[in-house]
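> Residue numbers (this note's numbering): 436 to 685.
Just so you know, even glycine gets a beta-carbon here, dropped at the ideal spot from N, CA and C.
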C-alpha cells in the first residue's frame, strides 16, 4: 500500500480498492464484489472528498433469490436490502452531517470515536434488519442486522485494525502519525436508509461536504491552529485547533 503521507494518499488507497486496483484494505480482507457496482461511483466520489467508506451495500427491492449478484437462500424466494453506509468522518464534518441526518426521518445512524460514547438517533436498542429474505414455506430470514451492541464491538475492532496498520510504519514517521491521527479523532458512523426502495438519499446526505483540498494534498505534519481543514458547501470551516483527527473502507 506504500507509505501514505497525506489525507489524499489515504483516500486514494480507498479509491484503488473500490476500483479493484488493490485487493485488500486493513478493514477488508477480500476484493470488492459486484454487489457494489450500483453504488461504486458514489463511493469513489465520497472517498475523493476525504470521507472514507468502510462498508456499504445498495438497496435491493425484492429480486429473485436466484439473482446472480444479490440473490441468496432457497430457490423461488425474494430478497431485500436497505442501503447502508459505514464511513470514517473528519470531526469538523461530523456536526453538520448529524444535523442533516436529524432532518431525514428514514435515516438512522450510530456514531462513535475510538474512545468516545455512542451517539445515535435510533428509536430503540433493538435490531434493525438491513438484509432479509422471503422464501416459500419459511419464516422471514434476517441474516444482517444493525444494533448498538454489535456496532460497539465492531468499533473496537475497526480502530484496532487501523492502529495495527499504523504500526507497520516507523515510529515518528509521517505515515504512522497520519494513520494514528485518523484513528484517534475521526468518527466511525454507520447509516441506514430504512426506505429500501431508495438508493440515492444516503449519498445526497453528503452533498457539499468534503475535507479542504489543500489539506488533502499536503503532507501530514500534524494540525496547526490556523489551518482550514474542511469544506461545507463552498465555505471553509473554522480553523482546526491543535488536536488529533482519525480513518477506514469497504
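1) Alpha carbon to alpha carbon, how far is residue 505 from residue 571?
2) Any chance the stretch 533 to 542 sits against the stretch 636 to 652, with 3 or more Cβ pairs inside 8 Å?
3) How do the stretch 451 to 468 and the stretch 626 to 634 stand: do at least 3 beta-carbon pairs fall below 8 Å, yes or no?
4) Select from 483, 498 and 443 the residue whose C-alpha is nearest the C-alpha of residue 566.
5) Relative to the C-alpha of residue 478, which candidate in 447, 461 and 495 has its C-alpha closest?
6) Among 554, 519 and 601, which residue has its Cα nearest to the Cα of residue 564?
7) Just to confirm the assignment: which complete beta strand (DSSP E) runs, minimum length 3, are found wholly within the stretch 557 to 620?
8) At which residue ranges does the stretch 624 to 656 contain complete alpha helix (DSSP H) runs of 4 or more residues, listed in the order of the chain?
9) Note down the Cα distance separating residue 437 from residue 581, rounded to an integer number of angstroms.
10) Less than 8 Å separating the beta-carbons of residue 475 and residue 453?
11) Enumerate in chain order the residues of its own chain whose CB-to-CB distance from residue 626 is below 8 Å, with the five nearest sequence positions on each side excluded.
12) How would you label residue 548, buried or exposed, when you count the other beta carbons within 10 angstroms and need 16 or more for buried?
13) Label residue 619 either buried or exposed according to how many other C-beta atoms from any shown protein chain fall within 10 Å of its C-beta, with 16 as the threshold for buried.
For this structure:
1) The count along the chain shown starts at 1 and reaches residue 505 at position 70. The count along the chain shown starts at 1 and reaches residue 571 at position 136. Cα to Cα, residue 505 sits roughly 18 Å from residue 571.
2) With a cut-off of 8 Å, the stretch 636 to 652 and the stretch 533 to 542 count as touching, because enough Cβ pairs lie within range.
3) no
4) Translated into positions along the chain shown, residue 566 becomes position 131. Nearest C-alpha to residue 566: 498.
5) Taking the first residue of the chain shown as position 1, residue 478 is located at position 43. Among 447, 461 and 495, the Cα nearest to that of residue 478 belongs to 447.
6) By 1-based counting over the chain shown, the position of residue 564 is 129. Closest option to residue 564, Cα to Cα, is 519.
7) 563 to 569 and 576 to 581
8) 636 to 639 and 648 to 652
9) Within the chain shown, the letter at position 2 stands for residue 437. Within the chain shown, the letter at position 146 stands for residue 581. Answer to the nearest angstrom: the Cα atoms are 34 Å apart.
10) Residue numbering aside, residue 475 sits at position 40 when the chain shown is read from its first letter. Residue numbering aside, residue 453 sits at position 18 when the chain shown is read from its first letter. A contact, by the Cβ cut-off of 8 Å.
11) Within the chain shown, residue 626 is the residue found at index 191, counting from 1. Same-chain partners within the cutoff: 519, 520, 521, 522, 536, 542, 543, 544, 637 and 640.
12) Along the chain shown, one-based indexing puts residue 548 at 113. That one is buried.
13) The sequence position of residue 619 within the chain shown is 184, counting from 1. Answer is buried; the Cβ neighbour count reaches 16.
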